[in-house]
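Residue numbering for the sequence shown follows the UniProt record's numbering, beginning at 1 and increasing consecutively. Cβ atoms here follow ideal geometry from the backbone N, Cα and C, with glycine treated the same way. A quick note: this is a predicted structure, and the numbers were derived from the prediction, not measured. Heads up, the thing below is written out as structure tokens.
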Amino acid sequence: QIVSFVTIVIAACVLNFHRAFNLLVLSLVTVFFLAWDWMMERYGNWAWEELYPIRDRLSQNWIIYVSVLVAVVCWLALDTAQRGTRQLVSFFGLLLFIFLIALFSKHPFKWSWQTLLCGIGLQFVFGLLTLRTTFGLGALEWLGKQTECACKHFNNTDAGVVMIVDSLQVMPILVFLSSVISTLYYIGFMQWLVCKLGFMMRVVMGTSPTESVAAAGNIFLGQTETPLLISPYMSVLTLSEIHAVMTGGFASISGSILGAFISIGIDPTHLLTASLMSAPASLAIAKTFWPETETPTATNAYDVKINKGENKNVLDALSQGACDAIGVVASIIVNLISFLALFAFLDAILSWLGGMFDCPQLSFALICSYVFMPLSFMMGVSWEDSFIVAELLGIKTFLNEFVAYQKLSELIMRRKAGGPEYVNEVKQYISVHSETIATYALCGFSNFASLGMTIGGLSAMHPERRSDFSSCGLRSLIAGSVSCLMTACIAGMLYIPDLQCPQFLSTHFSSTNVTSSTQLLTCCTMLYNSVTVHEPLNVSIGEGFSQSSLWGCCTHTPLHFNCSLVL
């Protein structure tokens, strides 16, 4: 079998190396981890015993932490000098959220600096690899495109589905991805991947194996499925570990739900990146908000053993995954209907109350836009977009993330349609940068409906610890929300949006105060390069650009083009 697979990979590379590059990379990564497993099985215990004292000394060396912090600040200063001050706002927002979590910690000054700083460091590294490197971004874009293609395929094959609301078109995606995850779980790939990520976080952050595996599992599974990975250990977990497990569930979304969000137009690359970055963030924030003051009993094991599952074969796993999705689909349908109805009813009541004070436009969204606006702005969202993103945060927290992403999807479609930015002084859409930050901030199950579902699900599995789950519930919800906001801050620091020059020039020259900038010079140069001169005063302009933009560029950057041909 190995020889056959190697032959297939070589043949694919010979036929078209560029096309087979992703297959080659995946094959090499698989070989590396198989070799790693073989080495760890033979020498793992010896290596752990030999390297643990070194890691322990490094974890107590403050010079390393200070040096890393200074390096990040210096890099941020240089990067900001090139790209603008908005990244600094995201950086100070990140510091603010960390400060607030530390300030209201359950046990102040008892948190582990290694866990906090290394967790944020891992989050930063994951973001840097996926948002700033060609390989990382390309890998996630490729994975996102595969998922998006599957979503489009299923959306085109649901003729027999009776549509209750438009969003029901995404429900077949949930069934499909649930079956895929169930199959991967049956063959052991999911357990293998979760254990590898959990092991990495355990070594770097110094957390227990159970909470590390749970944090890694939340990248792919839901907040009720992940505890099943460590179910044999739930009865002996400390309160801090329970809090960390619950926080991880609130700070991320499941793989099947991710497919649903992709189907309604949310960028798959950013959703995948957010899921990956939230794992170390949730651990860092959870262990700071509720530090460990007990002695964990589950850390004696070298590794957490995860059961393979009870399915008999692949077909049984596929069927079981599809059946498991029934409850998720039903829950989403019922929640959408009830929450949207509640949303409309609440708006009607608020409008009635506001009308008594000459403010009939009072609504739940309007209240959220003011309450959450400071958080939105500190994530790096521009001032004019911060109220809209704040409204999305409120909807996500008090209703659910599906409704919030639907609202964000509408904003994205309006921007892509190219309509006016303002209608009757009301903003119709937000910038690409703000959309990206909102995508990261909304990527989590941190809402009050999920709080009840999580406590109920965990209590059903381990009724003897019902009171412990309840006592950790509200704090874990807050910690999960802050983890999402921190992920959005790092995305605001690292993300570089593609410059949409036609829209940028149109908006820039329509304002009364036109200022020179690097973006203006770049877009004007692109516009000049798209111009074809037939004869003086008779030119054709590239697609998307307008004559008024050309005149504006000639007025403010005339040295880069012979503007006498058009003026």
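In the three-state reduction of the DSSP assignment, residue 532 falls in the strand class, which pools E and B. If you look at residue 89, you'll find it in the alpha helix (DSSP H) that goes 86 to 103. The C-alpha of residue 110 is placed about 15 Å away from the C-alpha of residue 238.
Here DSSP, grouped into helix, strand and coil, assigns residue 427 to strand. Going by beta carbons, residue 491 and residue 436 fall inside the 8 Å limit. Here DSSP, grouped into helix, strand and coil, assigns residue 25 to helix. DSSP places residue 539 inside the beta strand (DSSP E), whose first and last residues are 538 to 540. In the three-state reduction of the DSSP assignment, residue 422 falls in the strand class. Rounded to the nearest whole angstrom, the CA to CA distance from residue 369 to residue 395 is 10 Å. By the C-beta density criterion, residue 475 is buried, having at least 16 other C-beta atoms within 10 angstroms. For residue 285, the CB contacts under 6 Å within the same chain, skipping 5 residues up- and downstream, are 101, 479, 482 and 483 in chain order. In terms of Cβ geometry, residue 3 and residue 23 do not form a close pair [threshold 8 Å].
For residue 244 and residue 505, the gap between their C-alpha atoms comes out near 47 Å.
Pairwise C-beta distances place the region 177 to 186 in contact with the region 316 to 335, as three or more of them are shorter than 8 Å. Contact between residue 68 and residue 121 holds, since their C-beta atoms are separated by about 7 Å, short of 8 Å. Residue state for residue 358 is assigned as coil, using DSSP reduced to three classes. Distance between residue 138 and residue 260, taken at the CA atoms: about 22 Å.
Note on residue 218: 16 or more other CB atoms within 10 angstroms of its CB, so buried under the neighbour-count rule. In this structure the region 446 to 466 touches the region 222 to 241; the number of beta carbon pairs closer than 8 Å is three or more. The straight-line gap separating the alpha-carbon atoms of residue 272 and residue 212 is approximately 19 Å. Straight-line measurement puts the Cα of residue 429 at about 28 Å from the Cα of residue 556. An exposed status is given to residue 358, since fewer than 16 other beta-carbon atoms sit within 10 Å of its beta-carbon. DSSP places residue 486 inside the alpha helix (DSSP H), whose first and last residues are 466 to 494. Proximity to residue 446 across 311, 438 and 393 peaks at 393, based on C-alpha coordinates. An exposed status is given to residue 342, since fewer than 16 other beta-carbon atoms sit within 10 Å of its beta-carbon.
Runs of the alpha helix (DSSP H) lying entirely within the region 251 to 304, each at least 4 residues long, are 255 to 263 and 268 to 289 in chain order.
A direct Cα-to-Cα measurement between residue 411 and residue 338 gives close to 23 Å. Note on geometry: alpha-carbon atoms of residue 276 and residue 367 lie some 32 Å from one another. For residue 548, the enclosing alpha helix (DSSP H) has its first and last residue at 547 to 556.
Separation of the CB atoms of residue 468 and residue 431 is rounded to 44 Å, and the pair is thereby denied contact status at 8 Å. In this structure, the beta-carbon distance from residue 444 to residue 215 does not fall below 8 Å. Taken in chain order, the unbroken stretches of alpha helix (DSSP H) that lie wholly in the region 210 to 235 and span 4 residues or more are 226 to 229.
Secondary structure at residue 188: coil, using DSSP grouped into helix, strand and coil. Between residue 200 and residue 283, the C-beta gap is not smaller than 8 Å, which leaves the two residues out of contact.
Bounds of the alpha helix (DSSP H) holding residue 126 are 113 to 132.
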